[in-house]
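Counting the sequence shown from 1 gives a position; my numbering is that position plus 9.
Here a beta-carbon is modelled for each residue, glycine too, at the ideal position from N, C-alpha and C.
Single-structure report; data block below.
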Amino acid sequence: MEQNESKEQNEQKITLIGIYVALLGLVTLAFGIADILVWAGIRPGIQVGILAIAGDDFFRWAWGGFIMICAGLFMLAGSTRVATLQQSAKVVLGGVLVWLIAGTDIFARLCVAIPADVASPAFFNSLSGFLAAFAPPYTPAVLLFPFTLGILYLIWIHDTDDS
């Protein structure tokens, strides 16, 4: 009985991981909105340091922005009482959506890096040319990817939980 009360009190309070997930959700939501605004032409491309949001490709920037917005909303919805299974499932779903977009962005960079430049007589790119294709700037999803790996901690918590 005492263990159940203690567990309920733990689930009710604001935790450090809950704050982290809420901030991550806000940033993801903002990046998703920015993706759509740039695609729609309301704002020209944005490039700040290693971050670049510039594209007219409907499927990447409009749909990708929509998926990033959904990911941010899932993370925000799950940030309260994040220790419960239902709430952490929302957070994990938001993280998986970010991983999906980041994976497609990384795959696109890989596909662009393999063939040589048009002016080159070779078909395949040199090693230095291949590695240069992975230099900054990066898309928002690729920048968020390492920060969303903290969500794996939630999976580990519930994997070791006996309830």
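Can you look up residue i in the DSSP assignment and give me helix, strand or coil?
i	result
F133	strand
P145	coil
Closer than 6 Å by C-beta to residue i: which residues in its own chain qualify, once you throw out the five before and the five after it? Chain order, please.
i	result
A86	K99
Apart from the five residues on each side of it in sequence, which residues of its chain come closer than 7 Å, Cβ to Cβ, to residue i?
i	result
I173	Any question about residue 173 goes unanswered here, given that the chain covers just 10 to 172.
Grab me the residues of residue i's own chain with a C-beta within less than 8 Å of its C-beta, minus the 5 sequence neighbours each way, in chain order.
i	result
I51	none
A88	The question names Ala, but residue 88 in the sequence shown is Ser. Within the same chain, S88 has close Cβ partners G27, I28, V30, A31, G34, Q96, V100.
V121	A142
S135	A125
I59	P145, P146, Y147, L152
V107	T37, M77, A80, A150, L153, F154, T157
Q56	I62, A63, P146
Problem - Residue ranges of each beta strand (DSSP E) within the segment 45–69, 3 or longer - result: Whole beta strand (DSSP E) segments, 3+ residues: 55–57, 60–62.
Exercise for the section: Mind the definition here: the segment 34–45 touches the segment 69–76 only if three or more C-beta pairs lie below 8 Å; say whether that holds. Expected result: Contact check between the segment 34–45 and the segment 69–76: three or more CB pairs, one atom from each, fall below 8 Å, which counts as touching.
Exercise for the section: Specify whether the segment 32–41 and the segment 144–164 touch according to this definition: at least 3 beta carbon pairs, one from each stretch, less than 8 Å apart. Expected result: In this structure the segment 32–41 touches the segment 144–164; the number of beta carbon pairs closer than 8 Å is three or more.
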